[in-house]
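Engineer: Take the sequence shown: its position 160, counted from the start at 1, is 160 in our numbering, and no numbers get skipped.
No residue lacks a Cβ here, since even glycine has one placed at the ideal position from N, Cα and C.
Since the model is a prediction, treat every value here as computed from it, not as a measurement.
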Amino acid sequence: MKEPDILEILGQKIGLGQSAQLSFNVAKLHTQNTIDVPIIIERSKKPGPTVLITAGIHGDEVNGVEIVRQIISKGINKPRKGTIICVPVINVFGFLNMKREFPDGRDLNRVFPGISGGSLASRVAFKLVTEILPHADLVMDFHTGGADRFNAAQVRIIKTEKTLDELAKVFGPPFIFYSKNINKSFRNTCHKLGIPILLFEGGKSFNIDNTITNTGVNGVKRVLNHLEMLNRNFKVSQPKQSCIYLLDSKWIRAKYSGMFKATVNINSKVKKGDDLGNITDPYGSFNHFVKAPNDGFIFNINESPIIYQGDAIFHISTKVKE
1 MKEPDILEIL GQKIGLGQSA QLSFNVAKLH TQNTIDVPII IERSKKPGPT VLITAGIHGD
61 EVNGVEIVRQ IISKGINKPR KGTIICVPVI NVFGFLNMKR EFPDGRDLNR VFPGISGGSL
121 ASRVAFKLVT EILPHADLVM DFHTGGADRF NAAQVRIIKT EKTLDELAKV FGPPFIFYSK
181 NINKSFRNTC HKLGIPILLF EGGKSFNIDN TITNTGVNGV KRVLNHLEML NRNFKVSQPK
241 QSCIYLLDSK WIRAKYSGMF KATVNINSKV KKGDDLGNIT DPYGSFNHFV KAPNDGFIFN
301 INESPIIYQG DAIFHISTKV KE
């Protein structure tokens with residue numbers, strides 16, 4: 001996509017070399033206070049690609065918001081060429097209340113591309129897709145695991161996309177996870193519009209983890225450097241290890257309810273039959289050891305101390321390419 005000299009977005013015109021902080025008005029609260037989603041735009045004097053960096057589609061995924069916050073506060077979003085658009089918190093409603101969903105109870109990441117006259121979540125999705133997304137040549141979207149489920153740092157992409165394979169490798173996470181696009185998700189909408197998207201997962205909700213944050217920030221720097229957009233003031237570090245491609249995986253579920261403690265660390269490579277953790281009861285009469293069903297990498301761990309039968313407690317790879 002050829003970058004225009006004048007970027008017209010949300011009714012405002014931003015020229016090359018200019019910066020802007022815009023917002024799109026989502027809705028009014030029942031108190032009549034407005035809720036705005038801030039959009040931070042930085043343009044170089046030199047034309048180039050437009051990169052959209054987003055987080056907070058789920059309001060409780062604070063670590064993703066922290067990654068984008070650091071990108072802005074450190075000035076990484078000021079490009080050597082092209083344009084960088086940052087939306088640190090898309091679901092402002094959820095972020096204010098530390099809830100995953102919108103006040104209407106809907107998961108924003110299941111209503112894309114949205115409808116102009118639909119539910120509150122659907123209207124936000126529609127505005128993002130129609131007002132912001134068309135300007136992007138690449139999207140990097142930041143997420144975390146659900147409540148109590150800690151995700152290893154990973155970039156999720158679909159198979160057979162050469163551009164995504166290249167960019168994910170440049171990002172340099174510990175894991176690249178091939179997963180299908182989910183219907184009505186932001187990622188699937190980007191795919192249908194032909195816009196490459198790297199979806200980063202790491203950590204868990206209601207939590208900020210320094211390792212996850214550093215992995216995300218360093219990954220963005222690598223991708224921007226690859227696109228010749230990173231300001232020369234920043235140094236780019238190489239990943240500490242080569243990416244491991246997760247080709248297939250499965251969840252290990254609890255056979256019993258009880259008190260749970262994992263004994264294996266996230267990112268660990270395990271062998272079939274290895275102890276991963278144990279489930280006990282409060283009375284000291286029961287102790288069940290959770291065993292690895294196959295060789296693989298543990299890339300998600302449930303950190304809840306109390307679990308119920310059937311709960312997902314570990315995500316383990318079943319097929320990898322190292």
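For V129, collect the residues of the same chain with a Cβ closer than 7 Å to its Cβ; drop the 5 residues on either side in sequence, then sort them by chain order.
Structural biologist: Around V129: F112, P113, G114, T189.
Engineer: Can you find the residues in the same chain that come closer than 6 Å, C-beta to C-beta, to R110, ignoring five residues on each side of it along the sequence?
Structural biologist: So the list reads K184, once near-sequence residues are dropped.
Engineer: Starting from N218 and walking both ways along the alpha helix (DSSP H), at which residues does that stretch end?
Structural biologist: 210 to 226 is the extent of the alpha helix (DSSP H) around N218.
Engineer: On the criterion of 16 or more Cβ atoms from any shown chain inside 10 Å, does T215 qualify as buried, or is it exposed?
Structural biologist: Counting Cβ neighbours within 10 Å, T215 comes out buried, since at least 16 surround it.
Engineer: DSSP on D332, reduced to helix/strand/coil?
Structural biologist: Missing from the structure shown is residue 332; the chain here goes from 1 to 322 and no further.
Engineer: To the nearest angstrom, report how far apart L269 and I197 are at their CA atoms.
Structural biologist: Looking at the sequence provided, one finds Lys at residue 269 rather than Leu. About 28 Å.
Engineer: So, helix, strand or coil for R43, using DSSP?
Structural biologist: Three-state result, R43: strand.
Engineer: Buried or exposed: which applies to E201, given that a residue is buried once 16 or more other Cβ atoms fall within 10 Å of its Cβ?
Structural biologist: With 16 or more Cβ atoms within 10 Å of its Cβ, E201 is classed as buried.
Engineer: When the Cα of Q70 is compared with those of S285, I208, V264, which residue comes out closest?
Structural biologist: If we check each option's Cα against that of Q70, I208 comes out closest.
Engineer: Which residues in the same chain have their Cβ closer than 8 Å to the Cβ of T263, if we skip the five residues on either side of it in sequence?
Structural biologist: Within the same chain, T263 has close Cβ partners D275, L276, G277, N278.
Engineer: Applying the 10 Å Cβ sphere with the 16-neighbour rule, what's the burial state of L108?
Structural biologist: Buried, since its Cβ has 16 or more Cβ neighbours within 10 Å.
Engineer: Would you grab the beta carbon distance between E303 and D148 for me? Rounded to a whole angstrom, and I think it's under 8 Å.
Structural biologist: E303 to D148, Cβ: 5 Å. Contact.
Engineer: Please return the same chain residues whose Cβ sits closer than 8 Å to the Cβ of E322, not counting the five positions on each side in sequence.
Structural biologist: These residues qualify, in order along the chain: S242, I244, Y245.
Engineer: Do V92 and E68 have their beta-carbon atoms positioned less than 9 Å apart in this structure?
Structural biologist: Sequence inspection shows Val at residue 68; the Glu mentioned does not correspond to that position. No, Cβ-Cβ distance for V68 and V92 is not below 9 Å.
Engineer: The beta strand (DSSP E) with C243 in it runs from where to where?
Structural biologist: No beta strand (DSSP E) contains C243, which DSSP labels as neither H nor E.
Engineer: According to DSSP, is N109 part of a helix, a strand, or is it coil?
Structural biologist: It is helical.
Engineer: Within 10 angstroms of its Cβ, does E8 collect 16 or more other Cβ (buried), or is it exposed?
Structural biologist: When all chains shown are included, E8 counts as exposed.
Engineer: Taking T54 and D141 to be in contact with their CB atoms under 8 Å, please state how far apart those CB atoms are, rounded to whole angstroms.
Structural biologist: Yes, T54 and D141 are in contact; Cβ-Cβ is about 5 Å, under 8 Å.
Engineer: Assuming the contact rule is C-beta atoms closer than 8 Å, T280 and F289 should be a hit. Round their C-beta distance to whole Å, please.
Structural biologist: About 10 Å; that fails the 8 Å criterion.
Engineer: Kindly confirm or deny that the stretch 46 to 53 and the stretch 77 to 87 touch, where touching means at least three C-beta pairs closer than 8 Å.
Structural biologist: A contact exists between the stretch 46 to 53 and the stretch 77 to 87.
Engineer: Taking C-beta to C-beta, are I298 and F260 nearer than 9 Å?
Structural biologist: No.
Engineer: Please list, in chain order, all residues of the same chain as D248 whose beta carbon is under 6 Å from its beta carbon, the five residues on each side excluded.
Structural biologist: Result list for D248: T318, K319, in chain order.
Engineer: State yes or no: is the C-beta of G56 within less than 9 Å of the C-beta of G94?
Structural biologist: Yes, Cβ-Cβ distance for G56 and G94 is below 9 Å.
Engineer: Any idea if G194 is buried or exposed, counting beta-carbon neighbours within 10 angstroms, 16 or more meaning buried?
Structural biologist: Its Cβ having fewer than 16 others within 10 Å, G194 is exposed.
Engineer: Anyone know if the C-beta pair for I316 and K240 falls short of 9 Å?
Structural biologist: Cβ distance not < 9 Å, so I316 and K240 don't count as in contact.
Engineer: Nearest CA to the CA of P4: which residue from S23, I39, K45?
Structural biologist: Selected option, being the one with the closest Cα: K45.
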